[in-house]
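Enquirer: Numbering (our numbering), first residue to last: 1 to 301. Let me begin by handing over the structure; questions about it come next.
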Amino acid sequence: MNKKLIYHSNNKERIDIYIKNRFNIPREKVKSLLKEGFILVTNKEVKPSYLLRNGDEILINEDVLNQYKEHEIIPEKHPIDIIYSDNEIIVVNKPAGIITHPTEKIRNGTMVNFLLNITTLSNKNSLRPGVVHRLDRETSGVMVFAKTDNAWENLVLQFKNRTVEKEYLAIVKGHFSPLKKEVEFTVSHNRDNYTKMKVHYLKGKKAVNIIEVIKYLGDLTLVKIKPLTGRTHQIRLALSHLGYPIIGDTKYGVRSDIIKRTALHSYRISFYHPSTKERCQFRADVPEDFLKIISEIDNKD
């Protein structure tokens, strides 16, 4: 028996990427299924590069699909710091130590599990319902999730077109100089460790950050970072590459006795509301572990 889907979007998307995201099937497997005729578009075999159009009918062999379909995401009760919520979006302050969404290895204890206990989320991406951007596990701060498919599509497009503005706070080792600096380089995955990124000058994707000093704290610096692109780990990598690693960051920075996690906080986010089209801005208060460091160093001085 075949499962039928109708593609509802004016944005053209590759069939292999759409199926991968919708059902959490490895992309290479999706390509094989397309070539073997287990996935059809308008009753015809198509190449993995086929661009879906609004109204396209997709047929998928359900026996094959069930072999790869992800497990159900179970809602979990957990306190959530809600900054704002309406019928379209929910904005939260994510604590450090919690990942954004389930993965193949981690099925519970994520922000998505917690949110599903109190609200509905868009299921445009079934493994990552409502997720339009992510924060690393150790990074705290403001995040927006989409409750409806319309909001999800709108926000994903805003991130793609770089109309979303974000601002982070970080505590780094050393006296950052100059007081304000725009940093641009190219990044790609580190071949020696695929969970890490690496600076390259001849290949990769462009990463741009504007970094500004807020306050010197002894031999540390509190900085504000405005990322103009959205590359994986780009803030942590940029600061490490410049010689000012984030304290507590065991992957790119330096271990620290005064903070037990990466000292990076998503402080502000600004975007156009999916329904009202008005520019909105949300902030997550400076976390307690940051305030404690600032207070203790100020008192020493």
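C-beta atoms are modelled at their ideal positions from N, C-alpha and C, and glycine is treated no differently.
1) Would a C-beta distance cut-off of 8 Å place F271 and V164 closer than the cut-off?
2) Counting only the same chain and skipping the five closest in sequence on each side, list residues whose C-beta sits under 6 Å from that of E184.
3) Using only CA atoms, which one of T120, P245, T229 and P274 lies nearest to L264?
4) Within a Cβ cutoff of 6 Å, which residues of the same chain sit near I80, ignoring the five residues on either side of it in sequence?
5) Between the beta-carbon of T119 and the beta-carbon of K147, is there less than 8 Å?
6) By how many angstroms is the C-alpha of Y252 removed from the C-alpha of K367?
7) Using only alpha-carbon positions, find the residue among L116, L121 and K29 that is nearest to P355.
8) Give every residue of the same chain whose Cβ lies closer than 6 Å to the Cβ of L5, excluding the five residues on either side of it in the sequence, and list them in chain order.
9) Run through the stretch 217 to 262 for me and flag every whole alpha helix (DSSP H) of 4 or more residues, listed as ranges in chain order.
10) In angstroms with no decimal places, state the Cα-to-Cα distance between Y201 and R128.
11) Would you kindly check if the distance between the Cβ of E153 and the Cβ of S9 is under 8 Å?
12) Can you find the residues in the same chain that come closer than 6 Å, C-beta to C-beta, to E212, ignoring five residues on each side of it along the sequence?
13) List the endpoints of the continuous alpha helix (DSSP H) containing N113.
14) Could you tell me whether the Cβ atoms of R268 and V142 are closer together than 8 Å?
Expert: Let's see:
1) In contact: F271 and V164 (Cβ atoms closer than 8 Å).
2) Excluding positions up to five away in sequence, the list reads V208.
3) P245
4) V92 and F114
5) Yes, these two residues count as a Cβ contact at 8 Å.
6) As displayed, the chain neither begins before 1 nor continues past 301, which places residue 367 out of reach and without an answer.
7) With the chain running from 1 to 301 in the structure shown, residue 355 is simply not present.
8) Cβ neighbours of L5 beyond the five flanking positions: I58.
9) With a minimum length of 4 residues, the continuous alpha helix (DSSP H) runs that stay inside the stretch 217 to 262 are 234 to 242.
10) 33 Å
11) In this structure, S9 places its C-beta atom within 8 Å of the C-beta atom of E153.
12) K180 and K224
13) M111 to L116
14) By the CB criterion at 8 Å, R268 and V142 fall inside the cutoff.
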